[in-house]
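Read through the structure below, which is laid out as structure tokens, and then see the notes.
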Amino acid sequence: MKTIIASAALLLCATASTRNLKITVSDLRSDKGRILWYIHGDARPRQGMEKPKSGSVAFSAEDFTADSVTLYLFHDENGNYRLDRRDDGKPAEGCCTRAIVLSAEKNEIRVRLRYEFPEEPAGEAAETPARAKIPAATSPAGTPDELDRGSE
Numbered sequence: 001m002k003t004i005i006a007s008a009a010l011l012l013c014a015t016a017s018t019r020n021l022k023i024t025v026s027d028l029r030s031d032k033g034r035i036l037w038y039i040h041g042d043a044r045p046r047q048g049m050e051k052p053k054s055g056s057v058a059f060s061a062e063d064f065t066a067d068s069v070t071l072y073l074f075h076d077e078n079g080n081y082r083l084d085r086r087d088d089g090k091p092a093e094g095c096c097t098r099a100i101v102l103s104a105e106k107n108e109i110r111v112r113l114r115y116e117f118p119e120e121p122a123g124e125a126a127e128t129p130a131r132a133k134i135p136a137a138t139s140p141a142g143t144p145d146e147l148d149r150g151s152e
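Those letters in the sequence shown? Residues 1 to 152, by UniProt numbering.
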């Protein structure tokens with residue numbers, strides 16, 4: 001009886017449906033740099049980078065077992081592998097976050113990056129808390145390690 005139950009469990013695991021996802025990013029501002037992407041929400045997160053060509057890029061991620069995932073991507077135009085920010089803290093490079101519900105059938109999505117982030121009207125901008133150096137811990141040598149934390 002134990003053998004039958006174990007065999008049934010293995011069969012169910014072997015036939016678990018996986019889903020594939022094809023993503024097309026279009027209307028890129030330029031072909032400079034790379035598109036960096038990260039998908040999470042599944043047992044195994046996926047990440048990668050793609051070189052734009054003719055204002056777009058397409059890539060696939062495979063073998064998802066989750067019903068939904070979240071896609072994060074940005075256009076790293078200057079090649080520093082960071083999402084650069086303006087002085088007001090808003091992104092200086094195109095970026096996108098998208099929640100995706102995966103079906104058992106074909107999963108293809110088209111994404112357009114957001115490059116423009118309007119300025120806050122004067123007097124309505126949210127105040128940014130000042131940054132302060134706060135001693136956080138003592139290193140083995142006895143000197144405090146300092147962390148950059150927002151003040152409360």
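We put the CB at the ideal spot given by N, CA and C, even for glycine.
If you're wondering where the values come from, they're calculated on a predicted model, not measured in any experiment.
Here H40 is exposed. Its C-beta has fewer than 16 other C-beta atoms within 10 Å. Residue state for T70 is assigned as strand, using DSSP reduced to three classes. Distance from I100 to S68 at the Cβ level is roughly 6 Å; contact confirmed, criterion being Cβ atoms closer than 8 Å.
For the set G33, L73, S30, the Cα lying nearest the Cα of I23 is the one of L73. Residue state for K22 is assigned as strand, using DSSP reduced to three classes. The distance from the Cβ of S30 to that of E105 is about 34 Å, inconsistent with a contact at the 8 Å cut-off.
CA-CA distance, E119 to G94, rounds to 16 Å. For A58, the enclosing beta strand (DSSP E) has its first and last residue at 57-64.
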